[in-house]
Amino acid sequence: MPKPSRAEAKQASREALIQSAMELMPKKGIDVSLDELCAHAGYTRGAFYVHFKNRDELTLEVMTINGESWLNSIFKPQADGEAEDLFTMVQRFLTEMVSGTYPISQEAGLRPHQLLDACARSEPIKQRYLELVTDSIRRLTANVQQSQDKQQLKQAIDPEQIASLLLALAIGVHTLHDLDYPIDFAKGSMTLLQLLAK
Numbered sequence: 001m002p003k004p005s006r007a008e009a010k011q012a013s014r015e016a017l018i019q020s021a022m023e024l025m026p027k028k029g030i031d032v033s034l035d036e037l038c039a040h041a042g043y044t045r046g047a048f049y050v051h052f053k054n055r056d057e058l059t060l061e062v063m064t065i066n067g068e069s070w071l072n073s074i075f076k077p078q079a080d081g082e083a084e085d086l087f088t089m090v091q092r093f094l095t096e097m098v099s100g101t102y103p104i105s106q107e108a109g110l111r112p113h114q115l116l117d118a119c120a121r122s123e124p125i126k127q128r129y130l131e132l133v134t135d136s137i138r139r140l141t142a143n144v145q146q147s148q149d150k151q152q153l154k155q156a157i158d159p160e161q162i163a164s165l166l167l168a169l170a171i172g173v174h175t176l177h178d179l180d181y182p183i184d185f186a187k188g189s190m191t192l193l194q195l196l197a198k
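111 is the number that full-length UniProt numbering gives to position 111 of the sequence shown; each next residue is one higher, with no gaps.
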C-alpha cells in the first residue's frame, strides 16, 4: 500500500481531530482537555495547532458539520426538487428527535447549553450559529408555503413568521428536553399543526 502524501496525511489528521471532538464534546463538554482530544484522535497536541488556532476554531467546525448535516437530512426536497410540505417535514423531525440523531439532542452532538456557552464565548461561533438559524428559517418557510399551496394551512398567515416561531419553539423544546422535562413530541407537534391547519 503506497504511503499517503503529505497533503493526504494532513487531511487525515484534521478529520481525525474533528471526529474526536464530535465524539468527546457531547460527553465531556466543549472544554474537554486538548490532550485527551488529541490522544483520542491518535495524534499529538502539536497536530492540533497545525489545523486550528484554538479550541473555538475546532468547536466552530464541529457545530458547522453537525448543523449542516442535520439541515440536509431533515429538509429533504422531493424528487422534483420542491420542498416537502410541513406535515411531512414534522414527521421527519420527530423521527430524528426520537432516534437521538438530532445534533443537539441528549444522545448526539452538542447539547443546548454547550452550544449557547460556545456562542457566548466566541463571536465567530455565534455568527455561524445565526447563519444556521437563518438557513433553517429559509428552508422551513418553503415547507410552510408547500402546505399552504396544498390548502393544509391557513393562507392568511405569513409563512416566514410561522417558520420563525416554529424554530423558536423547537429550540425551547430542545432545552426542556435537555433538562429531562417530560415532553410528548408527537402530541405536541400534532396539536401545533392543528392550530395552524385550515
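Even glycine gets a Cβ: it sits at the ideal position worked out from N, Cα and C. As the structure is a prediction and not an experimental result, all values here were calculated from the model.
Would you mind sorting residue i into buried or exposed? The rule is 16 or more other CB atoms within 10 Å of its CB.
i: V50; result: exposed
i: R45; result: exposed
i: L140; result: buried
i: L176; result: exposed
i: L195; result: exposed
i: I162; result: buried
i: R14; result: buried
i: S136; result: buried
i: S99; result: exposed
i: A118; result: buried
i: S69; result: exposed
Are the C-beta atoms of residue i and some chain D residue less than 8 Å apart?
i: F48; result: Here there is only one protein chain, and chain D is not present.
Looking at residue j and residue i, is the spacing between their C-beta atoms short of 8 Å?
i: L34; j: R55; result: yes
i: P112; j: D178; result: yes
i: A41; j: S20; result: yes
i: E84; j: Q151; result: no
i: V173; j: P159; result: no
i: L60; j: P124; result: yes
i: L165; j: F87; result: no
i: L167; j: V133; result: yes
i: residue 219; j: T191; result: This structure leaves residue 219 out entirely; the chain is present only between 1 and 198.
Look up residue i in the DSSP assignment and say whether it is helix, strand or coil.
i: Q106; result: Low confidence applies here, because Q106 scores a pLDDT of 47, under 50, leaving its location unreliable; read the following figure in that light. Q106: coil per DSSP, three-state reduction.
i: A7; result: helix
i: A186; result: helix
i: L169; result: helix
i: L153; result: strand
Just to confirm my understanding: we take residue i, look at its own chain, exclude 5 residues before and 5 after, and list those with CB closer than 8 Å. What are they?
i: A186; result: L94
i: K198; result: Q151, Q152, L153, K154, Q155
i: L17; result: L37, C38, A41, Y43, A47, F48, H51, F52, L58
i: M25; result: V32, T59, V62, L110, Q114
Enumerate in chain order the residues of its own chain whose CB-to-CB distance from residue i is below 7 Å, with the five nearest sequence positions on each side excluded.
i: G29; result: Q114
i: K126; result: C119
Could you name the residues of the same chain whose beta carbon sits closer than 6 Å to that of residue i, not counting the 5 residues immediately before and after it, in chain order?
i: Q148; result: Q155
i: A79; result: none
Contiguous alpha helix (DSSP H) assignments of at least 4 residues, all confined to the segment 40–107: 45–51, 55–74, 86–99
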